[in-house]
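Report on the structure given below.
There are 2 protein chains.
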Amino acid sequence: MSNAYAELVKEQKDVATLTAIGSLLGWDQETYMPPGGAGARADQQELLSAIAHQRKTSPRIGDLISQCEASNGALDDTLRASVREMRRDYDLATKLPTELVAELAKTQSLSQDAWKHARAKDDFAMFAPWLEKILGLTRRKAECYGFASGGELYDALLEEYEPGATAKQIEAIFNPLQPRLSALVARLCDSPRRPPDALKGIAVPQDRQHAFGLDVLKAIGFDLETGRLDTTAHPFCSGFGPGDTRLTTRYNTSSCLEPLSSTMHEAGHGIYEQGLPKATQFGTPLAEAVSLGIHESQSRMWENLVGRSRAFWMWALPVAKRRFAPAIDHLTLDQVYASVNQVERSFIRVEADEATYNLHIMLRFGLERDLISGRLPVKDLPGEWNRRFKQLLGLDVPSNKLGCLQDVHWSFGLVGYFPTYTLGNLYAAQFWQTISAAIPDLDAQMSRGEFGALKTWLNENIHRHGRRYRAGELCQRVTGRPLSAEPLMEYLERKYAPLYGV
Amino acid sequence: MSNAYAELVKEQKDVATLTAIGSLLGWDQETYMPPGGAGARADQQELLSAIAHQRKTSPRIGDLISQCEASNGALDDTLRASVREMRRDYDLATKLPTELVAELAKTQSLSQDAWKHARAKDDFAMFAPWLEKILGLTRRKAECYGFASGGELYDALLEEYEPGATAKQIEAIFNPLQPRLSALVARLCDSPRRPPDALKGIAVPQDRQHAFGLDVLKAIGFDLETGRLDTTAHPFCSGFGPGDTRLTTRYNTSSCLEPLSSTMHEAGHGIYEQGLPKATQFGTPLAEAVSLGIHESQSRMWENLVGRSRAFWMWALPVAKRRFAPAIDHLTLDQVYASVNQVERSFIRVEADEATYNLHIMLRFGLERDLISGRLPVKDLPGEWNRRFKQLLGLDVPSNKLGCLQDVHWSFGLVGYFPTYTLGNLYAAQFWQTISAAIPDLDAQMSRGEFGALKTWLNENIHRHGRRYRAGELCQRVTGRPLSAEPLMEYLERKYAPLYGV
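Those protein sequences? They're chains U and P, same order as listed.
Start counting the first sequence at 1194; every next residue gets the next number (the numbering used here).
Start counting the second sequence at 1194; every next residue gets the next number (the numbering used here).
What follows is the structure, encoded as structure tokens:
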């Protein structure tokens, strides 16, 4: 028995290694690949993903999983969970023909390149045929996966990002949350008292922003011996296996502290990746993240609950002042705290504040659900984006660059991914209540630049389990109750009401 | 028939794509990989090279090659040459067991990492066990390849870098060349007239050196849309397939123009890679370089025959002055020309001048031949290096960092590679005589920063053929005679005699 499991792990480690190589190719494409390399890169991704898929779905792996299941009693709870998740992955993967996987990989690579150019030129027509193509392939993938009766095609895609979630469940969370958020946003944005944005327009050179970003990474515990930070158009985090986790961020913004949000967001993902037990379990579900919702809970927690807190800035402001001197020498803690917590209806999701952010997600959730079902034709996307954006956020979108071309996800066929951001916000707020009870002086620690207890708590309670527990179960174990919207709403109310005097 | 060839190309393209991915992993390891990633990277290289080797040696490829050979008449000369080279590669590759290839790939990756640390710490003992291990594996590889009767194990390794060459042939070239070079070096170094080194000690920030390097790359025709330039401990060039050729260089030197040598050297390799017809022939020998000797002829030509010429500096000096202002504002063309043509007995091969360089190579050729045969035990390498160095170059080596730890090659098991540098110098000088006759105003062009005619000549006469001709045949075709030491000796005499008044 343990022989079968050991052999299974060996096979799975090869699959994970091939996947890690593919991630490196993707990282390189975004960071350092010369423009002319796009065609060859697509060929590389196509070939590699075909090889990985063949190995992942090999009958040998199927046999080994069955052997492990047959003698489940010989495994402890953790290994049983590992086999359970391997079974799930295997059944999902074997539903996809290799040819579709390879075509998707190649098209993703090319389509992402097309998106990059279309976004730079603000030209939706350039991207539309690629979106059409990738949606077609994504639909085919969803059809291969299938979905429960009473469900919809979109559910099949959710399975990749948030195992077990359905569009209806998400709707059931989003529908009541939306009017509460809209009401809060209206109260804040219509308040006569608007905290001034003292940081606005203060730009500092990119190398200083980078240096400050590294200061913060070191302090919060992202290990730079096993990771790095680069610059891309769209920030992301990639874990390539044991000892290699890479973050990217971007600096071309008009406010000198704003890039830190992206850096901390990706660092949250990175600290999760570094906290997974890859050194011993790489290749098994025990070294993988639970779901994207849980992954986002980590990134949004570091970005917002830490990175936009007063306690954090008590420590970080002097650090930033040293790096940026003399650009922000004159600013007080109150000014900076108000400045990084501006609530404003705006166009770009990744720059949105905590109160409006989830409205951006709800927009995308609705649109991509309609794109996949076919209710919304690709050609109507810009118009429909703009119409619903006006409804949800009250603004007229002036360009597709600030509208439907802003995010990389759809160019990759990542449909079903967006709602996990809001799930992440909800999980983050709920975890935070538990953490605050477990570490009563957390604010005091953060104000001294001490993040070790927080990181250890996350390592112990969330990271080290890998996929031992599903998201809902993990939430119940950690917080003692199922996921609820209350902690997020409470947190937003408590934070913003005093700032806006409402 | 043409069906068999087309199918063969498709198979070979997959192999080449896997090889390109491996090259990217190697490039990343040297440029951006965090230190902690070394272990996982070795696993990736091991797996990838095993997969590539299995495909490369698949019976299917063997069958297709045989089919193409059987109906050779249906192929034109070029495709016949392509099949001839595929047969050679296949026969060579099938001699190696996959398990050895994978172990070599993994050990190379780890051993290179060990070398990097050993070099930084100047600690040969740290590297010795790795060198022992990689030499053992390299010997096993050579034994698998085999060699002609009357030859030696080293010949088998040469086959990978300089097809058809033998240790005896190289000895026959090196043995008479060495005393002539030594005599020239002695005359120059002992001359009472020593051209002053006005550049010595003038350092400029790395970003300016990088900008100047890019200026030169653009001018000489290295395409930055399909290539890039980064920084590593040991400069190299990697071609990853169509549209992606990457150079690295290093800047941490005491003289501000010296890094340009590395940059131009690697650019010479890069211009060759970019000149190969990869867009149409990728995967076939027609899109591959003839041999390392020919590859080095390109790098050494741009580095020395162009990059250390008076004509080149007539154009390049004002460009450098603008980038480095005011650091070298005061220097004249004569001063710079003398400065970049210092002949000096020194320790580091990649920084050696044109006159002493080949003595460095002869040292390595002798040592690695003895390492492979077992005549020289690894533990005696530092002592033996230092003893022979004293004989050839008259200096006492003060540290292994400046001695046997300076080059990356052996850490990779690249034994048989070094002599191709001197072959490259010989080919370069001989090609240059032909080029100078074909483009009579080449000096005038270079002095205006015009390198297009030179690049076109190289593209037409050397690059576009891929492996259509073997090195000796190409030399005969291009220059009308077999390789000879005369052009190099004539060039060195003519250039250095006036500078040193001898």
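Note that the Cβ used here is the ideal one computed from N, Cα and C, for glycine as well.
As the structure is a computational prediction, the values presented were derived from the model and not from experiment.
- The beta strand (DSSP E) runs lying completely inside the region 1570-1610 of chain U and spanning 3 residues or more number zero.
- Annotation: the region 1388-1414 of chain U contains the following complete segments of the alpha helix (DSSP H) (minimum length 4 residues), in chain order: 1399-1413.
- By the neighbour-count criterion, in which 16 or more other beta carbons inside 10 Å mark a residue as buried, serine 1492 (chain P) falls on the buried side.
- Non-local beta-carbon contacts of leucine 1692 (chain U) in its own chain, meaning distances under 7 Å to residues more than five positions away in sequence, involve Pro1388, Ala1531, Asn1534 in chain order.
- The Cβ of isoleucine 1258 (chain P) sits no closer than 8 Å to any Cβ of chain U.
- Asparagine 1445 (chain U) counts as exposed, since fewer than 16 other beta carbons sit within 10 angstroms of its beta carbon.
- At a C-beta separation below 8 Å, threonine 1419 (chain P) has these neighbours in chain U: Pro1227, Pro1228, Gly1229, Gly1230.
- Just so you know, the alpha carbons of serine 1447 (chain U) and leucine 1392 (chain U) end up roughly 9 Å apart.
- According to the DSSP assignment, glycine 1420 (chain P) belongs to the beta strand (DSSP E) that extends over 1420-1424.
- Listed in chain order, the positions of the region 1432-1448 of chain U with a beta carbon within less than 9 Å of a beta carbon of chain P are Phe1433, Gly1434, Pro1435, Gly1436, Asp1437, Thr1438, Arg1439.
- Cβ proximity to chain U below 7 Å picks out Asp1236, Gln1237, Leu1240, Leu1241, Ile1244 from the region 1234-1248 of chain P.
- Taking the C-beta atoms as reference points, alanine 1520 (chain U) is found nearer than 8 Å to cysteine 1449 (chain U).
- Three or more beta-carbon pairs separated by less than 8 Å link the region 1669-1686 of chain P to the region 1619-1635 of chain P, which places the two stretches in contact.
- Under the 8 Å Cβ criterion, the region 1483-1491 of chain P counts as touching the region 1659-1669 of chain P, having at least three qualifying pairs.
- For cysteine 1430 (chain U), the uninterrupted beta strand (DSSP E) segment begins and ends at 1430-1432.
- The bridge partners DSSP lists for leucine 1330 (chain P) come to none.
- Comparing C-alpha distances from alanine 1379 (chain U) to each of U:Met1494, U:Pro1356, U:Gln1584, U:Thr1419 shows the shortest one belongs to U:Gln1584.
- Between methionine 1457 (chain P) and glycine 1420 (chain P), the alpha-carbon positions lie close to 14 Å from each other.
- Arginine 1439 (chain P) carries a strand assignment under DSSP once its states are collapsed to helix, strand and coil.
- The distance from the Cβ of leucine 1240 (chain P) to that of leucine 1211 (chain U) is about 7 Å, consistent with a contact at the 8 Å cut-off.
- In the DSSP annotation of this structure, the continuous segment of the alpha helix (DSSP H) that includes cysteine 1382 (chain U) starts and ends at 1360-1383.
- For secondary structure counted as the alpha helix (DSSP H) over 4 or more consecutive residues, the region 1267-1338 of chain U holds these complete runs in sequence order: 1270-1286, 1291-1314, 1317-1338.
- Closer than 8 Å to the CB of aspartate 1207 (chain P) there is at least one CB belonging to chain U.
- In the DSSP assignment, glutamine 1535 (chain U) falls outside any alpha helix (DSSP H), carrying neither H nor E.
- Along the region 1208-1223 of chain P, the positions whose C-beta sits under 8 Å from a C-beta of chain U are Thr1210, Leu1211, Ala1213, Ile1214, Leu1217, Leu1218, Asp1221, read in chain order.
- Secondary structure of glycine 1645 (chain U) (DSSP, three-state): helix.
- Across the structure, leucine 1422 (chain P) and leucine 1440 (chain P) are spaced so that their CA atoms are roughly 5 Å apart.
- Here glycine 1344 (chain U) carries a coil assignment [DSSP, helix/strand/coil].
- Residue U:Phe1540 holds the alpha-carbon nearest to the alpha-carbon of glutamine 1599 (chain U) among U:Pro1435, U:Phe1540, U:Ala1358, U:Gln1238.
- With fewer than 16 other beta carbons inside 10 angstroms of its own, asparagine 1265 (chain U) counts as exposed.
- In this structure, the alpha-carbon of threonine 1627 (chain P) lies about 16 Å from that of alanine 1664 (chain P).
- Proline 1435 (chain U) and alanine 1233 (chain P) do touch by the CB rule: their CB atoms are close to 5 Å apart, below 8 Å.
- Note on geometry: alpha-carbon atoms of lysine 1206 (chain P) and phenylalanine 1475 (chain P) lie some 6 Å from one another.
- Glutamine 1402 (chain U) is classed as buried because its beta carbon has at least 16 other beta carbons within 10 Å across all chains shown.
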